[in-house]
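Read the structure below first, then the notes.
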Amino acid sequence: MTALDASSAPSRRVVPRWLTRPEIGLAAIIAIMVAVFSSIAPGFLSPFNAFAVARDLSVAIVLGYSMMVVLAVGGMNLAVGSIGVCAAMATAGMQAAGVPMPISVILGLASGAALGAVNGIVVVRTGLSSFMVTLATMSIYFGVMLLLSGAEAIRSLDADFIAFGRARIFGTVPVMFVVSIGLALILTYFYRATDIGRQMLFTGSNPKASELSGVPVVRTVVVAHALSGLLAGLAGIMLTARTGAGVPSMAGQIGRDWLLPAFIAPVLGGSALAGGSVAILGTLLGATLVGVLGSGLRMVNIGDFWIELFLGIILLFAVLADRLRSVWSPVSGTGP
Amino acid sequence: MTGVIEISAVTKTFPGVRALDDVSISLAAGEIHALIGENGAGKSTLIKIITGVHLPDRGEMRLDGVPVVFRSPHEAIGAGIGAVHQERNLVPRFTVAENICLDRLPTRHGLIDNRSIVADAERWLKTMGLALDPRQPVRELSVAQMQLVEIAKALSLRSRVLLLDEPTASITPHEADLLFDILRDLKARGVAILFVSHRLEEVLSLCDRVTVLRDGRNTAVSQPFAGLGRSDLVRLMIGRDEDAGSARNAVATEGAPVLELKGLSTAAGHRNLNLRLHAGEILGLYGLIGCGRSELAKAIIGIIPVTGGEVSVAGKPARIGSVAEALAKYKIGYVSEDRKGEGVVLDHSISANIGVTVWQRLARGILHYLSRARETKTVRPFAEKLQIRAPSLAVLVGKLSGGNQQKVSVAKWLVAGTEILILDEPTVGIDVRTKAALHELIRELADRGTAILLISSDMPEIVALADRIEVMNGFQIVGRLENSHAYADVSRQIMDAIHGAADQPQMAASIATGRTETAGETRGRMMS
Amino acid sequence: MIPEPLKRLALADNVGLATILVVAVAALAIANPAFLTSFNLYVVLTSLALWTCVALAQMTTLAIGQMTLSLGSLGGLVAVTVGGLCEVWGVPLPLAIAIALLVGLAGGLLNGVLIAASGVNSFIITLATFSAFHGLTLGLTRAIPFYNMPAALKALGNARYGAIPLMLGIVLVVAVAVHIVFTRTRLGRHMLAYGGNPQAALLSGLSTARIVIAAHGLSGLLAAIAAILTVGRLQVAQPTIGEDWLIVSFAAPIIGGASLTGGHVSVPGTLLALALLAIINDALVLLGVDPFWVQVVLGGLILAVVGANRLREGHRLGEAVAR
Numbered sequence: 001m002t003a004l005d006a007s008s009a010p011s012r013r014v015v016p017r018w019l020t021r022p023e024i025g026l027a028a029i030i031a032i033m034v035a036v037f038s039s040i041a042p043g044f045l046s047p048f049n050a051f052a053v054a055r056d057l058s059v060a061i062v063l064g065y066s067m068m069v070v071l072a073v074g075g076m077n078l079a080v081g082s083i084g085v086c087a088a089m090a091t092a093g094m095q096a097a098g099v100p101m102p103i104s105v106i107l108g109l110a111s112g113a114a115l116g117a118v119n120g121i122v123v124v125r126t127g128l129s130s131f132m133v134t135l136a137t138m139s140i141y142f143g144v145m146l147l148l149s150g151a152e153a154i155r156s157l158d159a160d161f162i163a164f165g166r167a168r169i170f171g172t173v174p175v176m177f178v179v180s181i182g183l184a185l186i187l188t189y190f191y192r193a194t195d196i197g198r199q200m201l202f203t204g205s206n207p208k209a210s211e212l213s214g215v216p217v218v219r220t221v222v223v224a225h226a227l228s229g230l231l232a233g234l235a236g237i238m239l240t241a242r243t244g245a246g247v248p249s250m251a252g253q254i255g256r257d258w259l260l261p262a263f264i265a266p267v268l269g270g271s272a273l274a275g276g277s278v279a280i281l282g283t284l285l286g287a288t289l290v291g292v293l294g295s296g297l298r299m300v301n302i303g304d305f306w307i308e309l310f311l312g313i314i315l316l317f318a319v320l321a322d323r324l325r326s327v328w329s330p331v332s333g334t335g336p
Numbered sequence: 001m002t003g004v005i006e007i008s009a010v011t012k013t014f015p016g017v018r019a020l021d022d023v024s025i026s027l028a029a030g031e032i033h034a035l036i037g038e039n040g041a042g043k044s045t046l047i048k049i050i051t052g053v054h055l056p057d058r059g060e061m062r063l064d065g066v067p068v069v070f071r072s073p074h075e076a077i078g079a080g081i082g083a084v085h086q087e088r089n090l091v092p093r094f095t096v097a098e099n100i101c102l103d104r105l106p107t108r109h110g111l112i113d114n115r116s117i118v119a120d121a122e123r124w125l126k127t128m129g130l131a132l133d134p135r136q137p138v139r140e141l142s143v144a145q146m147q148l149v150e151i152a153k154a155l156s157l158r159s160r161v162l163l164l165d166e167p168t169a170s171i172t173p174h175e176a177d178l179l180f181d182i183l184r185d186l187k188a189r190g191v192a193i194l195f196v197s198h199r200l201e202e203v204l205s206l207c208d209r210v211t212v213l214r215d216g217r218n219t220a221v222s223q224p225f226a227g228l229g230r231s232d233l234v235r236l237m238i239g240r241d242e243d244a245g246s247a248r249n250a251v252a253t254e255g256a257p258v259l260e261l262k263g264l265s266t267a268a269g270h271r272n273l274n275l276r277l278h279a280g281e282i283l284g285l286y287g288l289i290g291c292g293r294s295e296l297a298k299a300i301i302g303i304i305p306v307t308g309g310e311v312s313v314a315g316k317p318a319r320i321g322s323v324a325e326a327l328a329k330y331k332i333g334y335v336s337e338d339r340k341g342e343g344v345v346l347d348h349s350i351s352a353n354i355g356v357t358v359w360q361r362l363a364r365g366i367l368h369y370l371s372r373a374r375e376t377k378t379v380r381p382f383a384e385k386l387q388i389r390a391p392s393l394a395v396l397v398g399k400l401s402g403g404n405q406q407k408v409s410v411a412k413w414l415v416a417g418t419e420i421l422i423l424d425e426p427t428v429g430i431d432v433r434t435k436a437a438l439h440e441l442i443r444e445l446a447d448r449g450t451a452i453l454l455i456s457s458d459m460p461e462i463v464a465l466a467d468r469i470e471v472m473n474g475f476q477i478v479g480r481l482e483n484s485h486a487y488a489d490v491s492r493q494i495m496d497a498i499h500g501a502a503d504q505p506q507m508a509a510s511i512a513t514g515r516t517e518t519a520g521e522t523r524g525r526m527m528s
Numbered sequence: 001m002i003p004e005p006l007k008r009l010a011l012a013d014n015v016g017l018a019t020i021l022v023v024a025v026a027a028l029a030i031a032n033p034a035f036l037t038s039f040n041l042y043v044v045l046t047s048l049a050l051w052t053c054v055a056l057a058q059m060t061t062l063a064i065g066q067m068t069l070s071l072g073s074l075g076g077l078v079a080v081t082v083g084g085l086c087e088v089w090g091v092p093l094p095l096a097i098a099i100a101l102l103v104g105l106a107g108g109l110l111n112g113v114l115i116a117a118s119g120v121n122s123f124i125i126t127l128a129t130f131s132a133f134h135g136l137t138l139g140l141t142r143a144i145p146f147y148n149m150p151a152a153l154k155a156l157g158n159a160r161y162g163a164i165p166l167m168l169g170i171v172l173v174v175a176v177a178v179h180i181v182f183t184r185t186r187l188g189r190h191m192l193a194y195g196g197n198p199q200a201a202l203l204s205g206l207s208t209a210r211i212v213i214a215a216h217g218l219s220g221l222l223a224a225i226a227a228i229l230t231v232g233r234l235q236v237a238q239p240t241i242g243e244d245w246l247i248v249s250f251a252a253p254i255i256g257g258a259s260l261t262g263g264h265v266s267v268p269g270t271l272l273a274l275a276l277l278a279i280i281n282d283a284l285v286l287l288g289v290d291p292f293w294v295q296v297v298l299g300g301l302i303l304a305v306v307g308a309n310r311l312r313e314g315h316r317l318g319e320a321v322a323r
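Residue numbers (the working numbering), protein chains in the order written: chain Z, 1 to 336; chain L, 1 to 528; chain D, 1 to 323.
Structural data, given as structure tokens:
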């Protein structure tokens, strides 16, 4: 042992590792925000507002997961908004045509999964980056949806469906929020304890090494994109249930209004853009932070307009802090 | 002798590995200084410290006796230090001339003066005896031509110090001789030259002093060659004598092969290639970098498309479309030469990296439940057998030393129960002890019936392990010999086979690519 | 057997695109004589002029192998800067334009500095600044446009000489300048060198941080020009300017032959791509096709051209491997 070895001993870590995880930071920021907002605006913690925030959150969480699952394999899906609207309009259209509600939802989700799978297939077949492919398909899907729907909103939805959007348990917890939490648990199981989920993370970390280890990389990437489409569809359908109408512009022109919320939740939560990791709790907290911030700023009358500025700055700080953490963290190398 | 550059007691640590430990070297004006060591001994890291790519953790660098710290290559170049690095450092879409002059593109009235770039580049190409068109994009060049352009680029800096990291790795002996003449000329003009090479014969004939690294430490510091022979250098590099290896029991190579290539052609450029591999046999495939060895392996396991001929496994034609298929259907495994890029996934655990090949088999039920306990139980015996040194199997592979990473890369195929194992440079860049352990393992696997295709450019390794040796050059088999395990004899036969083929470069090239003559080959001819 | 020169021509960068463009123009002129009227050509060329600087701005970041998502929101910020300065503060137009250009430059430089200093992926950094710039625009204006624009600015966006809009002249000058930057200046070549092989650029002694910052700065400046022209054209400084830039900003350079991984861009190719997009859009209108088809055609065109480029590259790659 040389002198250097002694000086770089691991005992130098002042803070335990779990405290430096992004989830802890997010939770702390959320707690501070809740405290600040509720002290300024007493209505912030009212059951009514809590219910409204939680219901908005539910959609944002699912949307965040739809991006997270494709980031996990090292790709991205710019078409989440487009697919979400397509699935939502398909579901709404079927309900308006008298298709039973459960079947309309299942087929709507299936259409989302199918559109996602098309993205995945084009990506693996052409070898183009998923950025380029989904940039193109977000436009195509949206255009087709407009052609089919005539850009008209569909308001004659199934009554049970709308009731689901408004349902609550224990007085304030929206059923939709329960759906999101259930989804989080399913995803946790999927990525931790199934071969397919772990193959996705492996592929995202190093596609070449994964392929050379016998991982069916092509199938894995297609499934990840299909899953992303499914979840984007779920987000669209949930939003439709919440608003009570299928609106072609609900995600903005070509679905671009969903891009920022879809990326911000997983990235704040600590999912690597390069792939190979998922932050399931982190994404949930990331979406929560965005929701709480938005609601709070509205309550204290700063208004909607400044929200994006705050979000941008928070996102910037989050990635820079993450960067600093990885630079500063002592290398716990195994000496020779 | 005081040096132009003096490095003393430099240490550099990367996550998980100490690349340099207390290393010193001194370069004098007007000398050619050899830097030798096995792959991964730290030669490239040392060069990158001198050129400002890496900052040393500890230690000192002096330039003309004055302590200096280079924070970027820009500063090092400014101080008169030029280098040819091992990685390709050319911009593919730029012309030869622009690449040579990249850091000092001359301008007239604010606009780049292309004519003077071409003139400048032409001068350096001429010095090198290269008949290349300076206006040609670099991406149209062959690997050897690119290497020569990089050397011209380094020369054009007119540095006082010139560092060459394996400049001869992919050029012909004739081109190398030209380079050596230039280096001797530069030496006479007082340039300090650091020369890294694997070829000890080159080093002995060209260099004045030598510094040897082993596992990131000096085993010789700026020592004159007087009295040092080839075997002394080898001992300094690997810490023991070159050993020819214990002869294994003769294996039956008469029977039916488990893997046979019949007239195989691939999208990478192999044409009509034949090869037979038997159960229990270690077949050595020797060839230099870029000769098509790894590409052949990748064609066998279904990564590179087969365009003609046949791969047959256990006597039956096999159409392998993916590694997953190679593994599941034919029990073929492949250990990549690029350990960090293709062999292991650094930010996943040891357990996952070994278990990945059997996840599908271990997952249960319609919920695909993959129990961590079952994975660990399956993986542990193999991790123990290979003596992977880590506190637990949950440790990330990125935190392991190179040798232990390589063990992980091998272990995953043992877990999967492969019967045909292709090992591509299995001991590159790992320490001597692990290397010996891996050699032992390879012998043991073969003794128990695994068919092993050992790809290596490490001559002692091939001679020590292989039963038979196939020599590859220019995407074809150019020699085939029984291994007598007599090093001097076998190594000469191998080099003869390669040089025999290299003497007709155009022919080899056109056979290798199988194309009709195009501009590329015409240029190739102009060069030689 | 196709003769070698012909094959080379077919594989050359812009020939395919130019051919498609000529065929499209000819077909459209035959199908609908209204296409060749002076007014219709003016409409097409105006669209080309409005999009040119948007595409060049993205092209500049693609050159170094990066991207900027904040292009559109920076454009919006620049637009309301011009509007606010003219309407609320009464700043003379030339000064307002100069300040607006500086805002664009500063926004781009900010992106560059953040990326170069942190080493974080340009996608994430510009996603964050996209949000920040957009929030700033909305917060400052409360989403209300500035309507009273100086006559000179309106003229800038609407003056025409027959079928030729004044703006086209301006953007062509800019395009030629950008072309010269990338073909004949040290900075431009260094950007492309960095995009083609960052490691090589570093080891050759180039200052990579400066290259990254300069590229994003130039990109911001071009976005600002695009925004100012758009304000002139619309005669209103809308905070929503830039919101629809994202797809076209990527589509045009990439269809024009730029590589998403960096190191290669083409100003003529980008202009040809924009012309093609403008003509297709015009054709859909002239032929009375449902305007919703625009989205489908645009997306399909991106996939088709990028896929074809990919095949062409693959052809070259195959050769490289074969050596």
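All C-beta atoms, glycine included, are put in the ideal place defined by N, C-alpha and C.
{"Asked": "Rounded Cβ spacing between L:Ala324 and Z:Gly214 (contact assumed at less than 8 Å)", "Found": "5 Å"}
{"Asked": "Spatial distance of Z:Val73 from Z:Val123 (CA atoms)", "Found": "12 Å"}
{"Asked": "Integer-rounded CB distance, given that D:Ile241 should sit under 8 Å from D:Ala26", "Found": "In fact, because the Cβ distance is near 34 Å, the residues do not count as touching under 8 Å."}
{"Asked": "Any C-beta of chain L under 8 Å from that of D:Asn197", "Found": "yes"}
{"Asked": "Contact with chain Z by D:Asp282, beta-carbon distance below 8 Å", "Found": "no"}
{"Asked": "CB contact check: Z:Phe310 to chain D, cutoff 8 Å", "Found": "yes"}
{"Asked": "Per-residue burial, L:Asp177 [other beta carbons within 10 Å of its own, 16 or more giving buried]", "Found": "exposed"}
{"Asked": "Span of the alpha helix (DSSP H), counted from its first residue to its last, around D:Asn111", "Found": "93 to 118"}
{"Asked": "Within 8 Å, strictly: CB atoms of Z:Arg55 and Z:Met250", "Found": "no"}
{"Asked": "Segment limits, beta strand (DSSP E) that includes D:Gly135", "Found": "No beta strand (DSSP E) contains D:Gly135, which is instead part of the alpha helix (DSSP H) from 122 to 141."}
{"Asked": "Enclosing alpha helix (DSSP H) for D:Ala49 [first to last residue]", "Found": "38 to 63"}
{"Asked": "Closest by C-alpha distance to D:Ser249, when choosing among D:Ala18, D:Gly72, D:Pro33", "Found": "D:Gly72"}
{"Asked": "Of the listed residues D:Cys53, D:Gly256, D:Val231, nearest to D:Gly157 (C-alpha basis)", "Found": "D:Val231"}
{"Asked": "Nearest neighbour of D:Tyr147, chosen from D:Pro92, D:Gly84, D:Leu202 [CA to CA]", "Found": "D:Gly84"}
{"Asked": "Integer-rounded CB distance, given that L:Leu454 should sit under 8 Å from L:Leu285", "Found": "7 Å"}
{"Asked": "Three-state secondary structure (DSSP) of L:Tyr369", "Found": "strand"}
{"Asked": "Residue-level contact to chain Z via CB, D:Asn40, 8 Å cutoff", "Found": "no"}
{"Asked": "Buried or exposed (CB count within 10 angstroms, at least 16 for buried), Z:Phe170", "Found": "exposed"}
{"Asked": "Interface partners of Z:Arg323 on chain B, CB under 9 Å", "Found": "Annotation note: the requested chain B is absent from the structure, which comprises protein chains Z, L and D."}
{"Asked": "Closer than 7 Å at the beta carbon, the chain Z residues around L:His439", "Found": "The premise fails here: L:His439 is roughly 21 Å from chain Z at the closest Cβ pair, so nothing lies under 7 Å."}
{"Asked": "Contacts of D:Gln238 in chain Z (Cβ-Cβ under 8 Å)", "Found": "Under the 8 Å cutoff, chain Z gives no residues; its nearest Cβ is about 14 Å from D:Gln238."}
{"Asked": "Beta-carbon contacts of Z:Phe161 that lie in its chain and below 7 Å, excluding the five residues immediately before and after", "Found": "Gln95, Met101, Ala241"}
{"Asked": "Range covered by the alpha helix (DSSP H) that runs through Z:Gln95", "Found": "80 to 96"}
{"Asked": "8 Å Cβ cutoff, D:Leu203 in contact with chain L", "Found": "yes"}
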